[in-house]
Amino acid sequence: MVWGWVTDFFTYETTKSVVVKSWSVGIINRIVQVLIIAYFVGWVFIHEKAYQVFDSGIESSVMTKVKGFGYHQERIMDVADYVFPQQGAAVFCIMTKLIITENQFQGKCAENGKQYKCQDDFDCEEFVDSILTNGRITGACLRSEDQSQCEVEGWCPVENDRVVIEPMIDVQNFTIFIKNSIRFPLFNITRGNFPSSMTSDAIRSCKYHPKSNPFCPIFAVGDILEHTGQNVVELAKKGGEIGINIEWKCNLDLDIEYCVPKYSFTRLDAPFEKNAISKGFNFRFAKYYKTQNGTEYRTLHKAFAIRFDVMVTGQAGKFNTVPTLINLVAAFTSIGLGTVLCDLILLNFLKGAAQYKAKKFEEVSEAQIEASLIPSPSSQMSTKEAWILPFFCLRNFVELNCLFLEN
Amino acid sequence: MVWGWVTDFFTYETTKSVVVKSWSVGIINRIVQVLIIAYFVGWVFIHEKAYQVFDSGIESSVMTKVKGFGYHQERIMDVADYVFPQQGAAVFCIMTKLIITENQFQGKCAENGKQYKCQDDFDCEEFVDSILTNGRITGACLRSEDQSQCEVEGWCPVENDRVVIEPMIDVQNFTIFIKNSIRFPLFNITRGNFPSSMTSDAIRSCKYHPKSNPFCPIFAVGDILEHTGQNVVELAKKGGEIGINIEWKCNLDLDIEYCVPKYSFTRLDAPFEKNAISKGFNFRFAKYYKTQNGTEYRTLHKAFAIRFDVMVTGQAGKFNTVPTLINLVAAFTSIGLGTVLCDLILLNFLKGAAQYKAKKFEEVSEAQIEASLIPSPSSQMSTKEAWILPFFCLRNFVELNCLFLEN
Amino acid sequence: MVWGWVTDFFTYETTKSVVVKSWSVGIINRIVQVLIIAYFVGWVFIHEKAYQVFDSGIESSVMTKVKGFGYHQERIMDVADYVFPQQGAAVFCIMTKLIITENQFQGKCAENGKQYKCQDDFDCEEFVDSILTNGRITGACLRSEDQSQCEVEGWCPVENDRVVIEPMIDVQNFTIFIKNSIRFPLFNITRGNFPSSMTSDAIRSCKYHPKSNPFCPIFAVGDILEHTGQNVVELAKKGGEIGINIEWKCNLDLDIEYCVPKYSFTRLDAPFEKNAISKGFNFRFAKYYKTQNGTEYRTLHKAFAIRFDVMVTGQAGKFNTVPTLINLVAAFTSIGLGTVLCDLILLNFLKGAAQYKAKKFEEVSEAQIEASLIPSPSSQMSTKEAWILPFFCLRNFVELNCLFLEN
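Protein sequence lines correspond, in order, to chains A, B and C. First residue of the first sequence? That's 148 in this note's numbering, and the numbers climb one at a time after it. First residue of the second sequence? That's 148 in this note's numbering, and the numbers climb one at a time after it. First residue of the third sequence? That's 148 in this note's numbering, and the numbers climb one at a time after it.
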């Protein structure tokens, strides 16, 4: 009995097939199979590199250093003056225009701007709680001979940002040095954005060019703005935001030297170019001083700046047996999918479809089975052995079909 | 011979099937197929949009601008005073409480705090190398009439951060203007977080509301804190961290105008609310001054602040033939999976299961084959042609089975 | 007629199979099936946790606080002096060496450095437009008795960064407190990097150790540098960049208390260690002062610093029926893949392969079909009912084959 089970278990079940010797279906069948193989070889394996595992969880660190001198309002500004923040991070601003309001003290004074002209206090009350002013509107009207203005409380005198100031066009000659190191944690591969074989002089004197010098880490601001199609003067006047993309796409099956960065440049605030308000980029900051007697005062700066944002993306792939095997199996099993189309043609559109159908399909109807059941003793057996069923079906569930229940 | 191979090659092989005309299994079969189709249509295609390629490698740039005036310690503070860092980045702090220690000079003085009271030098030696003090403990005890304290070396006088200071509650009236532009590199689509049709006045006067004004880019701090369920006074006292999520989920098969941001707000440091230590958020910074004779001194600030973190996530999908085809094929082949269940029922639980089995399975045993082999000349042929086998099987491996080896 | 269609529709089609009772193929068949089951159970389900949905779109917020005192150039520096930026962000620099150039005023003066020595103006003209100088070279040669140097315009006197200054080695005793809270938006789970049960004293007094104290959020800088294998003195001299990785890998099917961070440390600028230039990390910043009469002057600092970058990555998985079902179905259907190998063996290498082939394959040739077609009336019927074909085939396309067109 047990031996019977064992012999039943070690059997092999394969589908019974009909081989159709027909030129039309045969050729279609092979063409479909060739297309499927071509898809897997060309797209899945060669283009999508399905034989590799990928790591896109890149660890990246960016350091930047700007160099250059600019004239602005009769002063020479250097890096410590025009770069914010100064720590050389991946996101930094280069100031291109400064509206400076010197020597502000805490106190009360007249707001500037036409809309804050007043005849009496009543005119100013509507602006109390406004946050668009240069200080808190007190609600009083400051009378003076030439111009009566609403009074503000805060840092005085207030800023007048309607003055026209020439931007620092020298910004286009500034250079940005970018030092980017990345790591693919999965493969423990680290790379830098310029080869270690570059000499000190080569790095100092080179300038990035997409064709002639693609691995030089020094970028002229003017070149970057040109790549993004921006006008230097316009950008220096209003400010803006430029994205510097560093893309690492590495195939680690090749030599590691082919794992190199690719730079691209975009204007990040492009969607707002047509907007009515808030074009460009500016921010306010203050430098604080103390008088001899200890009173604090400040110089307010409204800075128009070009913000640079160095963004690093990357992906590395390397051969691995697990995805290769899985995709090979997927490829082989997919070759059989051609039968769907061929069956459709064979059984419907071909001459002799009915005959093919008769060959392919064998019919069993309940009536036949019932007729054969009446004298059969096996149905009794199956009820007797009904308690065995759960066990068998557990086994069968794994085997995907019940083969030998009553053999 | 070659012609025979060619005719053998262009054949078509399809499985031979048994058609069971039984109501019970037939209905189950169709129901399972309908369920599988429903899963693919409803979940895979409509809900998961399997017909699209997705780009989640969003490029984003965020600019922020805070406006508003606050009273703090009898001074009016504006943006240049209370926002850190001032460049309008995606992460910024609004100071809500300042503990100011004015006019610190390098030198030696008494530490404050009860635990640093001393009788003689011995009491202070244990604190040497402590990093929790306001300066480096020298190990000496500074005797004075009213209170003897350990001596520290560093910036003097030392800070006393146990003073009670009213926070700047005005913070709730401040507004944050967020300018967010994104780009999906795969589709080269850029979007801004407010429509370019918005007029200058509309932007200046609007205020974000999730229902009535979901695309206004100006957020009142008080509203944000309300959305996160935080108490303004408590937060202004201790500091904290608020996350502003901007989510872009774009279906680029629809009009681009439907690609709009969705804002949500969370308290990021929520997991620490129950902690014994380090609730809230504060940091120290100093402003540096020089006396007339050139000695540097500083004013130390311990700033309690609300840190805002604008986080942008996004995904865009667009119709593409490759995923559509792959998923259609997956759907069609999956319809056949219903047979697993139906076979189980048909061959085990149905009346006449044994008869169905007899119809479905044809048996071949080794004994039969061996019996038929004795007079057969074909086995000799197969040994003669054994050298051809590798070639055939290479072909067969691709075809998934060896069909015509000896036909 | 309609009833006929309905009965035809509710039928069930299953493949006809050949059961081979052969020990060799049977055993191979079962072994292959066991291997496939083992792959799915062991790798797909247990190792890859295919029964879970994953959320890797982690929201994270990091606050840092440095503590400690360091001697540098006869001054004691505290946090407000040596940490940049001061807001306690995820990326911060600890200054370890400062080259200070005091009292710079706007003006003209001599550049320093040997390469700027000159005899007359001609020697200096080549440097006009150089951006590697300390100011804009005017092209004039400043004669003096001891040393003639080219003249620069800018902040004077110019910096001399070739002085040798002892770095602040005390940095190794500084501690970094890291407060990291994360959120998995998909599961709405928030976690902090130290348990809320930790008492105030425990947090103040603990120090991170990978084995003995893996959840203490306080890290000694010296320990971190040791973990990355860096020399403190070398790093303090040149500056550098250290990455602190916090990895959250959470199985939310287990208790939430097992969802804990794992720290690791790397030197991020490691790829540049062999480079000729730009080892380490430094940046320049200035403090601005005003004289009594209102002239601005500044103190320039060239700061060598260790930059710390706290990077948080995370992934959480939780049981979900959809991936479980999909992968179960994939597993069950994959068990059938063993037939590919077995068919190869059975039909090619086994004794009696030809006999097995004869059993497995039934042949139909066009000639046979054509012969049987001549007296057949059914072909006429199919032409008569040709208009019905599109409808049938639509139905059939879904059913994957046309079964009952002419039954």
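No residue lacks a Cβ here, since even glycine has one placed at the ideal position from N, Cα and C.
Interface residues of chain A facing residue i [CB-CB closer than 7 Å]
i	result
PRO232 of chain B	PRO232
Proximal residues of chain C, C-beta to C-beta of residue i below 8 Å
i	result
GLU509 of chain B	LYS163, SER164, VAL165, VAL166 and LYS506
TYR503 of chain A	VAL511 and ILE516
Those residues which DSSP pairs with residue i across a bridge
i	result
GLU300 of chain A	A:LYS255 and A:ARG283
MET210 of chain B	B:LYS326
THR161 of chain C	B:VAL165
VAL230 of chain A	A:ILE241
SER411 of chain A	A:ASN392
TYR263 of chain C	None; TYR263 of chain C has no bridge partner.
CYS397 of chain A	A:ALA463
Coarse secondary structure for residue i, derived from DSSP in three states
i	result
THR337 of chain C	strand
PHE156 of chain B	helix
LEU488 of chain B	helix
TYR444 of chain A	strand
GLY151 of chain B	helix
ILE312 of chain B	coil
GLY189 of chain C	helix
ASN422 of chain C	coil
ILE223 of chain C	strand
LYS196 of chain C	coil
ASN114 of chain C	Residue 114 of chain C cannot be examined here, being either before or after the span of chain C that is shown, 148 to 554.
ALA236 of chain C	coil
Amino acids of chain B, ordered along the chain, whose beta-carbon sits closer than 8 Å to that of residue i
i	result
MET210 of chain C	GLU388, ASP416, PHE428 and ARG454
Short CB-CB distance (under 9 Å) between residue i and chain A
i	result
PHE156 of chain C	no
VAL226 of chain C	no
THR346 of chain C	no
TYR355 of chain B	no
GLN199 of chain B	no
Residue range of the unbroken beta strand (DSSP E) whose run includes residue i
i	result
GLN199 of chain A	199–202
GLU510 of chain C	508–512
GLY173 of chain B	Careful: GLY173 of chain B lies outside any beta strand (DSSP E), inside the alpha helix (DSSP H) at 170–185.
ILE350 of chain B	Per DSSP, ILE350 of chain B belongs to no beta strand (DSSP E); it is in the alpha helix (DSSP H), 347–352.
Chain A residues whose Cβ lies nearer than 8 Å to that of residue i
i	result
PHE419 of chain C	LYS326, SER328, GLY339 and SER343
Interface flag, residue i vs chain B, CB-CB below 9 Å
i	result
MET148 of chain C	no
VAL310 of chain A	no
VAL469 of chain C	yes
ALA450 of chain C	no
TRP395 of chain A	no
LYS498 of chain C	yes
Cβ of residue i within 9 Å of any chain C Cβ
i	result
ALA432 of chain B	Sequence check: residue 432 of chain B is Phe here, not Ala. It does: the Cβ of PHE432 of chain B has a partner Cβ on chain C nearer than 9 Å.
ASN250 of chain A	yes
ALA383 of chain A	no
LYS531 of chain B	Residue placement at LYS531 of chain B is poorly supported in this model, since its pLDDT is 34, which falls under 50; the coordinates still yield a value, given next. Closer than 9 Å: no.
ILE350 of chain B	no
ARG290 of chain B	no
Within chain F, the residues that residue i reaches when beta carbons sit closer than 8 Å
i	result
THR322 of chain C	The structure shown contains no chain F; its protein chains are A, B and C.
Enclosing alpha helix (DSSP H) for residue i [first to last residue]
i	result
HIS374 of chain C	368–374
PRO101 of chain B	No statement about residue 101 of chain B is possible, as the shown extent of chain B runs from 148 to 554 and does not include it.
PHE269 of chain A	268–272
ALA433 of chain C	Unbroken run through ALA433 of chain C is the beta strand (DSSP E), 429–437; no alpha helix (DSSP H).
LYS385 of chain C	379–385
Residues that residue i contacts on chain C, provided the C-beta gap is smaller than 7 Å
i	result
SER512 of chain B	LYS168
VAL487 of chain B	PHE479
Proximal chain B residues relative to residue i, where beta-carbon distance stays under 7 Å
i	result
LYS437 of chain A	TYR436
Per-residue contacts from residue i into chain C (C-beta, under 9 Å)
i	result
GLY173 of chain B	THR154, PHE156, PHE157, THR158 and TYR159
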